[in-house]
Every structure is written in C-alpha cells, then in structure tokens.
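Undergrad: Sharing a structure here in structure tokens format.
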Amino acid sequence: MSKKISVGFVNTQKTAGRSSKIPVVLRLQNRSKLPVANMIIEIEYYNTLDGDKNTMKINTPLYPDDVQYLTLHVSAKHYGTVRMNIKRCRIVDMLKLFKIRVSTDAASRLFGESTFTIVPDYIPIENNIANYAEMGLETDDYSKTSKGDDPSEIFDIHEYHDGDKINRIHWKLTAKQDKTMVKDYSLPISNSIVLMADLHLDTNTDDYMLVYDTLVEAIASISYYLIENDTPHKVVWYDKKKDLSEVVNVTDEESARLLISLLLQASVYDEPDLSMINYINEPERYKCGHLMYFSPAYNSNLSGVMNDNDLAFRYSYMLITNKKKDDVINDEFAEVVNVTAKHVAESIQEICL
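Quick note on numbering that gives the first Met the number 0: the sequence shown kicks off at 0 and runs consecutively.
So, in structure tokens, the structure goes:
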C-alpha cells in the first residue's frame with residue numbers, strides 16, 4: 000500500500016517578505032482503494048545561511064483513490080533562502096501500534112523539496128544625493144528625467160521658448176517644420192556610488208543573524224532609493240566560492256531585484272574585510288564618487304588603505320551593530336556611521352549619499 004502513496008510540494012520556489020505568512024502547499028495522493036487512518040509527514044526546514052535545522056510533523060488521514068492538498072503557512076525570522084524537504088512519511092494504524100514507511104518514488108524525489116527566499120522589506124528613506132557628474136567620472140548612462148549639458152546625447156527636442164539658447168536650435172528640424180525647434184542635451188549619470196558589503200560574520204555570537212539582516216536591509220534600502228532617484232550605482236561583495244569580487248551594476252528596478260537575489264545567495268565568511276582586500280587587488284577597478292563600506296567590524300586602518308588606493312572621492316564606513324551606540328568614531332579618511340538593527344532609516348538619515 001505504501002507504494003501507492005506519494006507526497007510532494009506543489010510550489011517549489013517562492014519569494015516573500017520577512018513579515019509575510021508564506022503558503023506552502025503539499026500534494027498527497029493515495030492511489031489505493033483503502034483509506035489511511037493517519038499518516039505522519041516530517042518536514043525539515045532551515046535557513047541556508049546558518050544551517051540550523053528544525054522539524055515539523057503533520058498528521059492527516061488519506062482518503063482512498065484521492066488527491067488532497069494541505070496548505071502550511073510558514074514564516075521566517077531572517078533574510079536568506081529557506082529550504083524545506085520531506086524528511087520522512089509513515090503510515091500509522093488507528094491504535095498507533097504499527098508504522099509503515101512510505102517509499103520514495105521518482106515523483107516524490109522531484110517535488111520533495113521547496114525553497115523560498117526571504118527578501119528585505121522596503122524601508123523608506125529621504126537622504127540627499129550628491130551630484131558627482133562634475134568629477135570627471137566616465138559614464139555611458141544618462142538621466143531619463145533631467146536634461147543636462149552633454150551634447151553627445153539628445154535628451155529632448157521641443158519648440159523654442161524664451162530663455163532657450165540659440166546654439167541649441169535644431170536647424171534641420173526647424174526648416175522642415177517651419178517653426179523653431181530646440182535640442183535639450185542629456186545629463187550624464189556616472190556609476191558614482193559604490194555600496195560594498197563585507198559578509199564577514201562572527202557565527203560564535205548570538206546575534207550574528209540579526210547583524211546580517213541589518214547589513215542586507217541597509218544596502219537594499221539605499222539601493223532602491225538611489226534607483227527611485229535615477230541614480231545608477233554598483234554593489235560589490237566578495238564571493239568566497241568563486242574567490243573573486245562580485246560586482247552588480249544597478250540601473251533599474253529589475254537589476255535591483257537581481258542584486259538582492261544574488262546577495263542573499265552569497266556565502267558568509269570568518270575573515271574580515273575580504274571584500275575590500277579582493278576589490279583592491281582586482282585588475283579592473285575605477286575611482287568612484289562615494290564608496291560606502293558596510294561591515295559588522297570596524298578596522299581603523301582600512302579607510303587609510305582605501306585612500307591610499309584612491310578608490311573614491313568620499314568614504315563612508317557603515318558599521319553594522321545590533322544595538323545603539325552613543326560613542327562616535329573619528330576616522331581620518333571616512334565618515335563612520337553606526338547602522339543599528341531595527342533602526343536602519345534612523346541610523347542613516349543624516350548621511351548624504
């Protein structure tokens with residue numbers, strides 16, 4: 000009889016916020032003519048970041064020659080990828096004297112695992128964004144909403160208004176339309192801001208997952224805010240498995256979502272500042288307007304290393320902490336900002352991006 004019973008997940012991959020209740024659907028099929036009084040399904044689940052495994056048990060009857068669907072509503076405390084797999088299924092008689100293990104067939108193996116990714120909730124911020132266009136940073140990106148003075152790209156063409164410059168008149172179009180038409184040049188937008196994530200976490204502390212959440216939340220919030228304000232930027236971290244710096248160009252909402260997906264898949268490591276060390280050693284890197292370094296540990300020598308390697312015009316050391324700190328760290332080359340868990344917007348509200 001056990002060979003005629005199959006169990007599997009219907010939805011094998013989902014994305015949700017941390018505050019959401021995620022519906023996970025199990026499909027149970029009994030192809031035999033006999034009912035099952037009670038079947039025990041053991042489901043193992045864990046966050047891939049810490050690997051801390053938990054188990055839940057489900058008890059349900061199965062009707063003969065029938066397909067049933069069970070919906071579980073689950074949630075997660077921390078960001079990252081959560082894996083659920085069907086660990087074991089057993090049939091139990093009404094008196095609970097006998098237990099028969101349900102065999103794993105090809106279908107069960109195929110649908111026996113479900114993953115869902117917990118992504119950061121959007122935290123609204125209203126920081127000032129500095130204009131780095133005058134710093135000579137090379138770019139191929141131009142503003143979609145604001146005109147500028149770069150004649151290599153045309154932003155818009157419109158009929159002449161008082162105050163328009165004579166040298167902006169589009170003479171060919173003016174001759175064709177028998178009215179004066181004027182060109183608006185484009186505003187170049189350089190990838191002038193770099194957000195760098197140091198994924199070094201001390202797993203021996205009780206709050207390291209909270210620190211991780213805060214780091215991801217801060218980067219996601221700033222990245223989304225920059226895109227809302229038409230400001231392309233780069234996000235960098237060290238990929239331990241590939242042994243290289245991972246660089247994501249964030250130019251729109253789609254690439255912002257891709258960034259979060261890739262960042263949540265990245266593995267953490269024990270040694271601090273690997274992101275910065277590997278970035279400095281990359282053969283191709285460029286000077287940016289503002290480098291924001293997100294790290295759970297402060298290294299007093301690091302900002303000097305950044306400055307010596309001429310990585311940016313400005314440096315911000317975003318120190319991720321689990322509790323508020325009143326002390327102010329004075330750094331010769333970088334502005335040090337304490338980014339506190341559960342108070343991200345408040346922590347960064349004064350900094351000019």
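Glycine included, C-beta positions come from ideal geometry on N, C-alpha and C.
From this set, Thr59, Tyr78, Ser5, which residue's C-alpha is nearest Ala15's C-alpha?
TA: For the purposes of this step, residue 15 is identified with residue 16 of the sequence shown, where counting begins at 1. It is Tyr78 whose Cα lies nearest to the Cα of Ala15.
Undergrad: Straight-line CA distance for Glu252 to Leu258?
TA: Here residue 252 refers to the residue found at position 253 of the sequence shown. Here residue 258 refers to the residue found at position 259 of the sequence shown. C-alpha separation (whole angstroms): 10 Å.
Undergrad: Buried or exposed: Gly288, going by 16 or more other Cβ atoms within 10 Å of its Cβ?
TA: The residue you call residue 288 lines up with position 289 of the sequence shown. With 16 or more other Cβ atoms within 10 Å, it is buried.
Undergrad: Do the CB positions of Ile423 and Ile57 come within less than 8 Å of each other?
TA: What the structure shows of the chain is the stretch from 0 to 352, and residue 423 is not part of that stretch, so it cannot be assessed.
Undergrad: Specify the secondary structure class of Tyr159 as computed by DSSP and reduced to three states.
TA: The residue you call residue 159 lines up with position 160 of the sequence shown. Residue state, collapsed to three classes: coil.
Undergrad: Consult DSSP for Gln28 and reduce its assignment to one of helix, strand or coil.
TA: In the sequence shown, the residue the question calls residue 28 occupies position 29. The answer is strand: DSSP assigns Gln28 an E or B state.
Undergrad: Please go through the same chain and pick out, in chain order, the residues whose beta-carbon is closer than 6 Å to the beta-carbon of Phe313, but skip the five residues on each side of it.
TA: Here residue 313 refers to the residue found at position 314 when the sequence shown is read from its first residue. It is Arg, not Phe, that sits at residue 313 in the sequence shown. By the criterion of a C-beta distance shorter than 6 Å, Arg313 is surrounded in its chain by His289, once the five residues flanking it on both sides are discounted.
Undergrad: Does the separation of the CB atoms of Asp197 and Pro271 fall below 8 Å?
TA: As a working note, residue 197 is residue 198 in the sequence shown. As a working note, residue 271 is residue 272 in the sequence shown. In this structure, Pro271 lies closer than 8 Å to Asp197 by Cβ.
Undergrad: Starting from the N-terminal side, write out each stretch of the beta strand (DSSP E) that is 3 residues or longer and does not extend beyond the region 172-220.
TA: 180-187, 192-196
Undergrad: What residue range is occupied by the uninterrupted beta strand (DSSP E) comprising Asn46?
TA: Counting from 1 along the sequence shown, the entry for residue 46 is found at position 47. Segment 35-46, the beta strand (DSSP E) holding Asn46.
Undergrad: Determine whether the beta carbon atoms of Tyr285 and Ser302 lie at a separation below 8 Å.
TA: Numbered from 1 along the sequence shown, position 286 holds the residue referred to as residue 285. Numbered from 1 along the sequence shown, position 303 holds the residue referred to as residue 302. No; because the gap between Cβ atoms is not below 8 Å, this pair is not in contact.
Undergrad: Would you report the Cα separation of Lys2 and Thr204, rounded to the nearest angstrom?
TA: Taking the first residue of the sequence shown as position 1, residue 2 is located at position 3. Taking the first residue of the sequence shown as position 1, residue 204 is located at position 205. Distance between the alpha carbons of Lys2 and Thr204: 46 Å.
Undergrad: Could you work out which residue in Val9, Ile90, Ile128 is closest to Ile192 when comparing CA atoms only?
TA: Stepping through the sequence shown from its first residue, residue 192 is reached at position 193. Nearest of Val9, Ile90, Ile128 to Ile192, Cα basis: Ile128.
Undergrad: Kindly provide the ranges of any beta strand (DSSP E) runs that are 3 or more residues long and lie completely inside the region 57-94, ordered along the chain.
TA: Inside the region 57-94, DSSP marks whole beta strand (DSSP E) runs of 3 or more residues at positions 65-73, 79-91, from first to last along the chain.
Undergrad: So the candidates are Pro63, His160, Glu349, Met38; which of them puts its Cα closest to the Cα of Ile90?
TA: Here residue 90 is taken as the residue at index 91 of the sequence shown, counted from 1. The candidate whose alpha carbon is nearest that of Ile90 is Met38.
Undergrad: With a Cβ-Cβ cutoff of 8 Å, do Tyr121 and Tyr223 count as a contact?
TA: Start at 1 with the first residue of the sequence shown, and residue 121 comes out as number 122. Start at 1 with the first residue of the sequence shown, and residue 223 comes out as number 224. Against a cut-off of 8 Å, the Cβ pair of Tyr223 and Tyr121 comes out as a contact.
Undergrad: Between which residues of its own chain and Ala105 is the CB-CB distance below 6 Å, once the five residues before and five after are set aside?
TA: Mapped onto the sequence shown, residue 105 falls at position 106. The predicted model places Ala105 with a pLDDT of 42, which falls under 50 and marks its position as unreliable; any figure quoted below should be read in that light. Nothing meets the Cβ criterion.
Undergrad: Tell me the rounded alpha-carbon separation between Tyr207 and Asn321.
TA: Position 208 of the sequence shown, counted from the start, is the residue given in the question as residue 207. Position 322 of the sequence shown, counted from the start, is the residue given in the question as residue 321. Tyr207 and Asn321: Cα-Cα distance of roughly 9 Å.
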